[in-house]
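Asks: To convert, take the position in the sequence shown, counting from 1, and add 137; that gives this note's numbering.
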Amino acid sequence: MDVKEKIIEEIRKIYDPELPVNIYDLGLIYDVKINDRKAEIKMTLTTPNCPVAESLPKEVKEGAMQVDGIDEVDLQLVWDPPWNKDMMSDAAKLELNL
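#1: Quick check: what's the CA-CA separation for ALA201 versus ASN159?
#2: Nearest CA to the CA of LEU214: which residue from LEU165, LEU235, LYS175 and LEU233?
#3: Do TYR167 and LYS179 come within 8 Å of each other at the CB atom, strictly closer than that value?
#4: Going by DSSP, which residues form a beta bridge with GLN213?
#5: Can you tell me whether DSSP reads LYS150 as helix, strand or coil?
So this is what it looks like as structure tokens:
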């Protein structure tokens with residue numbers, strides 16, 4: 138398993154507090170890139186007023202830092218494109234009966 142896959146595995150351990158689905162399958166992670174020992178992650182939230190707007194990005198960053206081979210994480214919280222339910226994986230849609 139490469140470093141990017143390991144980071145995604147860590148992110149899949151983080152769940153939205155209001156939904157029984159991890160944030161990766163919810164489609165909140167837009168991109169994960171590895172550059173040497175630095176992870177660059179672009180993510181969003183379901184809404185800008187999300188109650189976990191401060192804690193969720195911190196959890197993602199901390200999870201990525203747990204991966205061997207990563208010394209730095211550049212996490213960008215982005216709003217474009219806006220999140221919508223079409224970004225969810227099929228597994229997430231199934232879990233939520235969508």
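Ideal placement from N, C-alpha and C gives every residue a C-beta, glycine not left out.
Bear in mind that the values here come from a model prediction, so they are computed numbers and not experimental data.
Replies: To lay it out plainly:
#1: One C-alpha to the other measures close to 15 Å.
#2: Distance check between LEU214 and each of LEU165, LEU235, LYS175 and LEU233 places LEU165 closest, using alpha-carbon atoms only.
#3: Taking C-beta atoms as the reference points, LYS179 and TYR167 count as a pair closer than 8 Å.
#4: The beta-bridge partner set that DSSP reports for GLN213 consists of LYS179.
#5: For LYS150, the three-state secondary structure derived from DSSP is coil.
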